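Structure first, commentary second.
There are 2 protein chains.
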Amino acid sequence: MGAKKNNNFVYFFGNKKADGKGSMKEVLGGKGAGLAEMTEIGINVPPGFTISTAVCGIFYENKKSIPAEIIDEITKNIIKLESSTKKGFGDSKNPLLVSVRSGAMFSMPGMMDTILNLGLNDKTVQGIIKKTNNPRFAWDSYRRFIQMFSDVVLKVNKDIFEDKLESIKKKKNVKHDVDLDENALKSLVQEYKKIVKNKTGKNFPQNPSDQLFKAINAVFLSWNNQRAIFYRKQYDIPSEIGTAVNVQSMVFGNMGDDCGTGVGFTRDPLSGEKELFAEYLLNAQGEDVVAGIRTPKNIKTMQRELRKVHSQIENTAKILEKHFRDMQDFEFTIENEKLYLLQTRSGKRSGIAAAKIACDMVKETLISKDEAVLRVEPEHLEQFLFPIFNPDDKKKFEILTKGLAASPGAASGKVALDAQTAVELSKKGERVILVTKETSPDDIHGMAAAAGVLTARGGRTSHAAVVGRQMGKVCVVGAEEIKVNIKERNFTVFDKIVNEGDYISIDGFEGKVFPGDIPVVASEVIQVMQGNMKEISSERYKIFSTILKWADSFRKLNIRTNADVPADAATAIKFGAEGIGLCRTEHMFFAEDRIKIMQEMILSKNSSERIVHLDKLKKMQKEDFIGLFTSMEGFPCTIRLLDPPLHEFLPNREDLMLEIKELQIKEDNAILLKEKIELLERVEELHEFNPMLGLRGCRLGITMPEITKMQVQAIFEAAIEVEKKKIKVLPEIMIPLVGMVTEFKYQKDIVDEIAKKIVGKKKINYLVGTMIEVPRAAAVADKIAKEAEFFSFGTNDLTQTVFAYSRDDAAKFINKYLETKVNIDGKDIEILEKDPFTSIDRDGVGEFMKLGLSKGRSSRKNLKIGICGEHGGDPSSIEFCHNIGLNYVSCSPFRVPIARLAAARVALKNK
Amino acid sequence: MGAKKNNNFVYFFGNKKADGKGSMKEVLGGKGAGLAEMTEIGINVPPGFTISTAVCGIFYENKKSIPAEIIDEITKNIIKLESSTKKGFGDSKNPLLVSVRSGAMFSMPGMMDTILNLGLNDKTVQGIIKKTNNPRFAWDSYRRFIQMFSDVVLKVNKDIFEDKLESIKKKKNVKHDVDLDENALKSLVQEYKKIVKNKTGKNFPQNPSDQLFKAINAVFLSWNNQRAIFYRKQYDIPSEIGTAVNVQSMVFGNMGDDCGTGVGFTRDPLSGEKELFAEYLLNAQGEDVVAGIRTPKNIKTMQRELRKVHSQIENTAKILEKHFRDMQDFEFTIENEKLYLLQTRSGKRSGIAAAKIACDMVKETLISKDEAVLRVEPEHLEQFLFPIFNPDDKKKFEILTKGLAASPGAASGKVALDAQTAVELSKKGERVILVTKETSPDDIHGMAAAAGVLTARGGRTSHAAVVGRQMGKVCVVGAEEIKVNIKERNFTVFDKIVNEGDYISIDGFEGKVFPGDIPVVASEVIQVMQGNMKEISSERYKIFSTILKWADSFRKLNIRTNADVPADAATAIKFGAEGIGLCRTEHMFFAEDRIKIMQEMILSKNSSERIVHLDKLKKMQKEDFIGLFTSMEGFPCTIRLLDPPLHEFLPNREDLMLEIKELQIKEDNAILLKEKIELLERVEELHEFNPMLGLRGCRLGITMPEITKMQVQAIFEAAIEVEKKKIKVLPEIMIPLVGMVTEFKYQKDIVDEIAKKIVGKKKINYLVGTMIEVPRAAAVADKIAKEAEFFSFGTNDLTQTVFAYSRDDAAKFINKYLETKVNIDGKDIEILEKDPFTSIDRDGVGEFMKLGLSKGRSSRKNLKIGICGEHGGDPSSIEFCHNIGLNYVSCSPFRVPIARLAAARVALKNK
């Protein structure tokens, strides 16, 4: 079944033979590859050809036009298609009509443009009338073509056509498009052509070839429309891969009641259950299902309506799944009871479905465990941790209405009736539920901003459902009782009115909609973790833990957690953490009973006074460490010494100034005034212009060694206590903000001295290491590694210093940078592609990490190196950490499972 | 005359032959090398041997003791010395007495310990009495030896001996040491021995060998005393080079009035005049001259007192200078009219003398121009720029007293009567004049803190004079009318009293002391530059410009200046700048008439309002640029676009808060309150936690492109104006704070667009380049260099980001770091060796500069690269910039000559 390549840029398929094949997604795009593969395995696919993704790049380089030699190739393929279908392009008797569709390597549902029924003109419409003996169909097809072509190619606002359609419906006094008769549609075509002439100054193009090339150009151009760019950014799809264009002979689902069109999944994409999951509309064209404009019927009703076709679909689904070894999402058209497949691809699925399908397919021996792990994205696992509604609370709320459960989870928030409002409310920090008639690709930014999506129309294969599942947004669709009233900014369910801004709650597992703000509780998985649910009674927990068990057998990276208190540490251990990678000791000082002592310590006038307060703090710290060490059950525990600038513990400087001003003016409390002035003086002494770059980290421990001593004493005293309980303790003491080996050594000497004093002849295996979080540390990592026993990349601060971005201040320009484009080497790219605080900036921060790592290991061969910034829980960053050779990543407790899976996946990918 | 090496660690000299030679300073130290070389060229030097500097390192590694095999070598050399002098160590009839002196590669005058008369004990003192027939001399030598040895080796406080001496003088009713007779001194020896027994529990050591090895150990230990460490830090002398120890047979200048001791310079070390400059004391030991305890006589008086010796000295000085081809600083002793040389070395000199001597020696064909340039340190040239007293002002002040001019310049300040007080006053920001009886090496930190030094005792070769000249401190010594009264914290000149804290002024050219604070004016060189003095009438200017003219012929680096206004630019051009390397455009906005408009611009509610204010600013900026371009006379001019965060232009946030609070409490001006609240809101919007890492640099120009546009318009409009005047304009537009090529390109596109619009068909040769000042820019410099036409390292910000040090806040811990030591690889070193804001941190910041440079040139081979941080005027940093291959350095106008010289010197060193 090897692919035969007849030319450079165009790949034909039809009559059970294809130039391309399924594995050529990069060249043919997903759709083109699927069509080629289906053709080869004998599935009934209307013939056509795919213009490869390479042409998209060439198109942009060639001033947005297709070079002559490729035009030639396309023309040759049209001739081939004519002979294959025995129809003629522009042939007034037996006209060839085609669809022109985009299709990139990665699915971008609805983001780019599509044109159907291309080839129709004033002559060929007559041929269709004669051939089908269905003039109503022919005129309807023609008017749809003009409408679509004008919108996509000629950039005539589609609302003008819709208005005309509505006015004709009103005139004819009909409610639905389908109720318009042949004459109405014929005159509509005349009106449409007038609009085109009026708006563009030219007649609607009549030459099919002309139509075709204009359409192909338009599809290529749509690769860079706003929503496609947004979508790519959202899903990290590189812009240089380009889209292919598929030109395919039309089949019609809208020629009568033995025709139809539909979309199916070989398994349930919401739950992952192994059962055919499809929806269809009779007498309709494909876009009607996907767009969610009419709510389609469940495949089960087809057993009654078109029994033969139903079993053909069931059969085809089985063939597809077995052949592609994955759950497939397919599109089909029924023309006069004959089934045609128009697309197949790996089906998008909810996270829970992804994991369940992966588990099931391993059981079915369809895929290996490796493949199963690669099929579950880290983001998929997050859905197992999404909160659900508290069953007791839910009982208190009456159901408002019900729709189709389309994407799992529970969400409540304020109603927003359009995408823009959703974005605005979300920017104000509100939880938002986007409620619309249906969503379209234009709404994608609104969906991204919302916690959940509720639509009145559309099935579980509609845009809202597909995108919702992919984004991990809770989603309920096809809640048909809902009437959205945009003018009055509300929606109604019979006599109940919900205004924009009111709270509603939606349940994406059951499709239920509630008025009000229902509190959420932990997911099943978390409840099992917390001992509030039995492991055995949760199917979800079983799937979750199975995938992770497999993942653990593949991953090379150790996973640790960032935890400051025993409770968090214990959770992380349950989630599979293999130690603490970062305990921020300063968090222990912010507790109410401690901050007072901390303040007194800081305000001490001399070292001996300071030591009195430090002694009090030591007792508390020791208890903290006893708790942490105990919870670690023998895993290592990295403790970072005090890091933040001391003024963070003191009263706010500006507040003090204002208080003093007030006391000065009112002259009523001289004693308090004096006290406040003294306090302000000390606060001013510690005040810094750039605290991020000030007296913090090891600079504190060097200028006030008594703080370091106190902390180290607490650590070792706690270690001795815990070891008495026969629990192994592995403290790894971490010095923050080191830029020079001298700083590190000065601190290490204190640690070693105290350890010797406290531990004496007993044995505690401890390490002393450092954060690598200022650029200089990377440059001199060889020197530092001579003294330091481990490194941990503090990528938060490293990102701040490498970019010279203050995390507290940078949002203003980072947001601008993410949106603003600039032309580099002929390509328009964003100033910043990703927020470097979310995902490691590989070119900059990543280079410094590599430098630090290679220099560090050059002087200490087996130097243990980890990462403990926020990036430790980001899958893309974890991949980078694996690739450069880190030993472990450390992340917040709830990210631990995500990190375990991400680490396994990168190990498998590199296998 | 090749050196013969008889062993590994000890080098003998005597009888016109030496194991070492003058070029072996690294091994023998300066003193040892000088003694060896003088011995070889036939100058009369008492024989002895040098223990090499390598032994110092071995001593410290060997737990502060000398290994047995080296002890053996030393012992063999003692035997050789005995045979050479025909005296015996411990021989009661003909005893050998030796001096034990330190001597490192670099001169560290008085910082380490010395012991004279070693070999004396209760027996040998009798031998000396018999041999010299001068019991008074013998007992005086013995008591001096006990005093010195006890202080240095036995660590008995020297004040106890001094007290005893004073009490005996009182008892005997004599005023001076010399007035004590034989018996008094003999009983003093007994008292001294009792003190030793009392304080150490042991008898004063009698065995000469024991004395010797204890003394050698003490000298090695003194390498790491506090003042030696401070001195090394001050002069960047590495601590690992160690000191040598010179053991030399004693000759005595204190055996009578045909004996004496002195110090000389072959030329005048203050003015550089070619005339013998020496001072001596009859019947005295060497330390008396250097310590400045007795004011010595000028060499001219020796013509009367010891005519023969005087001509021997003149003759020896000529031989030395001719042989060493440099001005020599020598020490001599006269024993019974016989001249012995004890030391020679290149003489320390004032900066003005250094330059004059270098110029003169070229004329005398003693040295080449290369050598002349290498003999003048960049710091030397600074003295030509030191202010002098305004002659008119000076007339208004009566002279208080007169001393010897010892180090040039004019200084006024508050009197401090000891080093500690000088440091404290200086920390408070006061100008200080340190006034003491005499200075000792312990006072070095006080001298460093003072603007000038005035001593009551000592000659122009005293400690204060030598160190003052070297440090470039104004210095007047030997002002004998001054009586310092430490108890009453004042000094008097006859009946006039000057209290500590009062102002005085001292003139280091003329040796005059004035009461009060005399204003200073520009130096001769600067007056010539400013056209206030004729070139021809200033000898100093001629020397200054000659050295620089020679320097220019050797240097490879271009020197530019940092200048924001035409006046500064013009000064820099006169100083030899070859263009502007940094024009900080923001400084133009701080002028009183502009800051208002700037504030209105910032507070604008929208872009169109902002443009109105920007237009006003543009007119002003254009005038500025016209001035700058005109002053550049065809040199390139690098203009940095707006860099600082905008809130720097706005009213102070805290002040506003307090004003509002007051208005709120007083409730008397609602309109003003409202206004202030609105202003504060905008200020708060712009407020940042870490402004250094915030919305500044190109981030401003990208978020508000209209600012960039205004500035670029002003640049090009000005360029066109100036080119009309037939002055070539070469604007180099510099984008600040770039971290990504996208940022740079976005800004460059704006520049190019505006340039095209304004310049049209005219031709302005402009470049667009970038600062490299955040670490990320160095990592991606290859990408940036594809778009950027030049780089300029902004080492101020680069140092801040590489270290994560805020320049505004770091002083607290940097000072601590510079003082705190830590043990690395067995050596005690400071946490920070130098302040990285003063001198480029080569290991860290320097590494990133090298990375940026090599990456930049990898994609643009001839990329022009410069530096415009404060480091551009620091000689050590200039050396580094030359070595890594920069094209230019840019510094403040007054640093331009320093930079020219530093650049020439490094080019010559690398030749």
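For the record, the sequence lines run as chains B and R.
Those letters in the first sequence? Residues 1 to 911, by the working numbering.
Those letters in the second sequence? Residues 1 to 911, by the working numbering.
Here a beta-carbon is modelled for each residue, glycine too, at the ideal position from N, C-alpha and C.
These figures come from a predicted structure and were not determined experimentally.
As assigned by DSSP and simplified to three states, the class of B/Cys475: Mapped onto the first sequence, residue 475 of chain B falls at position 475. In this structure, B/Cys475 counts as strand in the three-state DSSP scheme.
Rounded C-alpha distance that separates R/Lys300 from R/Arg460: Here residue 300 of chain R refers to the residue found at position 300 of the second sequence. Here residue 460 of chain R refers to the residue found at position 460 of the second sequence. Between R/Lys300 and R/Arg460, the alpha-carbon positions lie close to 14 angstroms from each other.
Buried/exposed call for R/Arg235, threshold 16 Cβ in 10 Å: Within the second sequence, residue 235 of chain R is the residue found at index 235, counting from 1. The sequence shown places Tyr at residue 235 of chain R, not Arg. By the 16-neighbour rule on beta-carbons within 10 angstroms, R/Tyr235 is exposed.
Beta-carbon spacing of R/Ala406, R/Val477 below 8 angstroms: The count along the second sequence starts at 1 and reaches residue 406 of chain R at position 406. The count along the second sequence starts at 1 and reaches residue 477 of chain R at position 477. Yes, these two residues count as a Cβ contact at 8 angstroms.
R/Glu870 to R/Cys891 span [Cα, whole Å]: For this step, residue 870 of chain R is matched to residue 870 along the second sequence. For this step, residue 891 of chain R is matched to residue 891 along the second sequence. Spanning the two alpha carbons is a distance of roughly 7 angstroms.
Three-way DSSP call (helix, strand, coil) for B/Cys583 in this model: Counted from its first residue, the first sequence places residue 583 of chain B at position 583. In the structure shown, B/Cys583 sits in a strand (DSSP, three-state: E or B).
Element boundaries [beta strand (DSSP E), containing R/Met710]: Indexing the second sequence from 1 puts residue 710 of chain R at position 710. Looking at the DSSP string, R/Met710 is not in any beta strand (DSSP E); the run it does join, the alpha helix (DSSP H), is 705 to 724.
8 angstroms contact criterion, which R/Lys348 and R/Arg469 should meet: CB distance rounded: In the second sequence, residue 348 of chain R corresponds to position 348, counting from 1. In the second sequence, residue 469 of chain R corresponds to position 469, counting from 1. Contact flag correct, Cβ pair sits at about 6 angstroms.
Closer than 8 angstroms at the beta carbon, the chain B residues around R/Gly658: Locating residue 658 of chain R in the second sequence gives position 658, where the first residue counts as 1. According to the sequence provided, residue 658 of chain R is Leu. The question's Gly does not apply to it. Simply Met657, Leu658, Lys661.
The segment 699 to 713 of chain B in contact with the segment 746 to 759 of chain B per 3-pair CB rule at 8 angstroms: yes
Test: B/Ile665 CB closer than 8 angstroms to a CB of chain R: Residue mapping note: residue 665 of chain B aligns to position 665 of the first sequence, counting from 1. Chain R, which has a Cβ nearer than 8 angstroms to the Cβ of B/Ile665, makes this yes.
Proximal residues to B/Lys369 (C-beta, below 7 angstroms), its chain only, five neighbours per side dropped: For the purposes of this step, residue 369 of chain B is taken as residue 369 along the first sequence, with counting starting at 1. Cβ within range, chain order: Val362, Trp550.
C-alpha distance - B/Leu901 paired with B/Pro775, whole-angstrom precision: For the purposes of this step, residue 901 of chain B is identified with residue 901 of the first sequence, where counting begins at 1. For the purposes of this step, residue 775 of chain B is identified with residue 775 of the first sequence, where counting begins at 1. The alpha-carbon atoms of B/Leu901 and B/Pro775 are separated by roughly 30 angstroms.
Selected residue, minimal CA-CA separation from R/Val467, among R/Lys487, R/Glu364, R/Ser350, R/Glu480: For the purposes of this step, residue 467 of chain R is identified with residue 467 of the second sequence, where counting begins at 1. Measuring from the Cα of R/Val467, the nearest candidate turns out to be R/Ser350.
Exposure of R/Gly2, with buried meaning 16 or more beta-carbon neighbours within 10 Å: Start at 1 with the first residue of the second sequence, and residue 2 of chain R comes out as number 2. Reliability fails at R/Gly2, whose pLDDT of 38 lies under 50, so the model's placement of it is uncertain and no value is given.
Reduced DSSP secondary structure (H/G/I, E/B, other) of R/Asp923: A query on residue 923 of chain R cannot be resolved here, the shown segment of chain R reaching from 1 to 911 and no further.
Three-way DSSP call (helix, strand, coil) for R/Ser52 in this model: Start at 1 with the first residue of the second sequence, and residue 52 of chain R comes out as number 52. R/Ser52 falls in the coil class under three-state DSSP.
Assigned secondary structure, R/Asp874 (DSSP; H/G/I helix, E/B strand, else coil): To locate residue 874 of chain R, count along the second sequence from 1; it is residue 874. Of the three classes helix, strand and coil, the one that applies to R/Asp874 here is coil, per DSSP.
Distance CB(R/Val27)-CB(R/Gly34) smaller than 8 angstroms: Your numbering for residue 27 of chain R matches position 27 in the second sequence. Your numbering for residue 34 of chain R matches position 34 in the second sequence. Contact: no.
7 angstroms CB neighbourhood of R/Ile831 in its chain, flanking five on each side removed: As a first step, residue 831 of chain R must be located in the second sequence, where it is residue number 831. Excluding residues within five positions, the ones whose Cβ falls inside 7 angstroms are Tyr817, Thr820, Val822.
Listed by chain order, chain B residues near R/Phe848 by CB distance under 9 angstroms: Reading the second sequence from its first residue, position 848 is the one you call residue 848 of chain R. The answer, in chain order, is Pro775, Arg776, Ala779.
Inter-residue Cα distance where the pair is R/Leu851 and R/Ile898: Here residue 851 of chain R refers to the residue found at position 851 of the second sequence. Here residue 898 of chain R refers to the residue found at position 898 of the second sequence. Each residue's Cα considered, the two are about 27 angstroms apart.
Separation of R/Leu614 from R/Met704, as counted between CA atoms: Stepping through the second sequence from its first residue, residue 704 of chain R is reached at position 704. Stepping through the second sequence from its first residue, residue 614 of chain R is reached at position 614. Near 11 angstroms, if we compare the C-alpha coordinates of R/Leu614 and R/Met704.
Backbone secondary structure at R/Val774 - three-state DSSP: Start at 1 with the first residue of the second sequence, and residue 774 of chain R comes out as number 774. DSSP places R/Val774 in coil when its eight states are reduced to three.
Where the alpha helix (DSSP H) through B/Gln211 begins and ends: Looking up residue 211 of chain B in the first sequence gives position 211. Unbroken alpha helix (DSSP H) run through B/Gln211: 208 to 222.
Where R/Lys5 falls: helix, strand or coil (DSSP): In the second sequence, the residue the question calls residue 5 of chain R occupies position 5. Bear in mind that a pLDDT of 48 at R/Lys5, under 50, signals an unreliable position, so the number given afterwards is only what the model happens to contain. R/Lys5 carries a coil assignment under DSSP once its states are collapsed to helix, strand and coil.
Residue ranges of each beta strand (DSSP E) within the segment 421 to 500 of chain R, 3 or longer: Taken in chain order, the whole beta strand (DSSP E) runs of length 3 or more contained in the segment 421 to 500 of chain R are 432 to 436, 452 to 455, 474 to 477, 482 to 485, 490 to 493, 496 to 499.
Beta-carbon separation (whole angstroms), R/Gly579 vs R/Met632, contact threshold 8 angstroms: Here the question's residue 579 of chain R lines up with position 579 in the second sequence. Here the question's residue 632 of chain R lines up with position 632 in the second sequence. Contact between R/Gly579 and R/Met632 holds, since their C-beta atoms are separated by about 7 angstroms, short of 8 angstroms.
Residues from the segment 664 to 692 of chain R in contact with chain B, defined by Cβ distance under 8 angstroms: Ile665, Lys666, Glu688, Phe689, Asn690, Pro691, Met692
is_contact[R/Val802, chain B] using C-beta, thresh 8 angstroms: Mapped onto the second sequence, residue 802 of chain R falls at position 802. Using a CB distance cut-off of 8 angstroms, R/Val802 counts as an interface residue toward chain B.
Euclidean distance between Cα positions of R/Glu609 and B/Asn485: If you number the second sequence from 1, residue 609 of chain R lands on position 609. If you number the first sequence from 1, residue 485 of chain B lands on position 485. Taking the straight line from one Cα to the other gives about 39 angstroms.
Under 8 angstroms between C-beta atoms of R/Leu320 and R/Asn44: Here residue 320 of chain R refers to the residue found at position 320 of the second sequence. Here residue 44 of chain R refers to the residue found at position 44 of the second sequence. Contact: no.
Whole-angstrom distance between R/Leu863 and R/Glu424, CA atom to CA atom: Here residue 424 of chain R corresponds to residue number 424 of the second sequence, with the count starting at 1. Here residue 863 of chain R corresponds to residue number 863 of the second sequence, with the count starting at 1. Between R/Glu424 and R/Leu863, the C-alpha separation is close to 48 angstroms.
Between the CA atoms of B/Glu539 and B/Pro515 - distance to the nearest angstrom: Along the first sequence, one-based indexing puts residue 515 of chain B at 515. Along the first sequence, one-based indexing puts residue 539 of chain B at 539. Whole-angstrom Cα-Cα distance: 29 angstroms.
Sequence-distant residues of its chain with Cβ nearer than 6 angstroms to B/Met24 (five each side left out): As a working mapping, residue 24 of chain B is identified with position 24 in the first sequence. These residues qualify, in order along the chain: Ala33.
Member of R/Asn77, R/Leu118, R/Lys130 whose CA lies at the smallest distance from the CA of R/Ser92: Within the second sequence, the letter at position 92 stands for residue 92 of chain R. Ranking the options by Cα distance to R/Ser92, first place goes to R/Lys130.
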